[in-house]
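K.L.:
Residue numbers (the numbering used here): 28 to 156. Every residue, glycine too, gets a C-beta built ideally from N, C-alpha and C. In this text the structure is predicted, and so the values were computed from the model without any measurement. Questions regarding the structure given below will be posed in turn.
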Amino acid sequence: MTTHHYIKQQKHERDKMMKFLLGLDRQSHDNTVTIDRTNIQSLEFDETEVIRILSDFQAIGYIRIIRKSPNNDLSMCATVELLSPCLQYFESKRNTRNTKFKHIVWEFIKFIIPVSISIVALLKSFGLF
């Protein structure tokens, strides 16, 4: 597996897990969710992958794991607090994509105007225009 394919797969896993977490029922007084073996069945991940992704999310600062099994599995339900970066994940991702698109369009405009002027000037100098 190439590095590019591996990174793309990790992004897909992260997006899928984020969508799963945001889709869970939250406690009314805070943004905590519980994860157990029954509610991860809809995911295509096994328990070790779920625990790994949750640990990665905690390291990044998307979530805070309040309680989990001492065996590092889902033998007892895990309680997770969804932090602000997690709650705004897809909005932030969309904004980043829009910003990149606007930047690419702006760079293209900055490129095409001088090139067009140069081509017109070249055609005019040869009397073709």
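(1) Taking the straight line between their C-alpha atoms, what separation do you get for C113 and I144?
(2) Look at the Cβ atom of R124, then the Cβ atom of T106, and state whether they are nearer than 7 Å.
(3) Cα separation between L150 and P141?
(4) Does DSSP put E108 in a helix, in a strand, or in coil?
(5) With a threshold of 16 other CB atoms inside 10 Å of the CB of I90, please say whether the residue is buried or exposed.
(6) If you measure between the beta carbons of E71 and D100, is that distance less than 7 Å?
P.N.:
Per the coordinate set shown:
(1) 47 Å
(2) no
(3) 14 Å
(4) strand
(5) buried
(6) no
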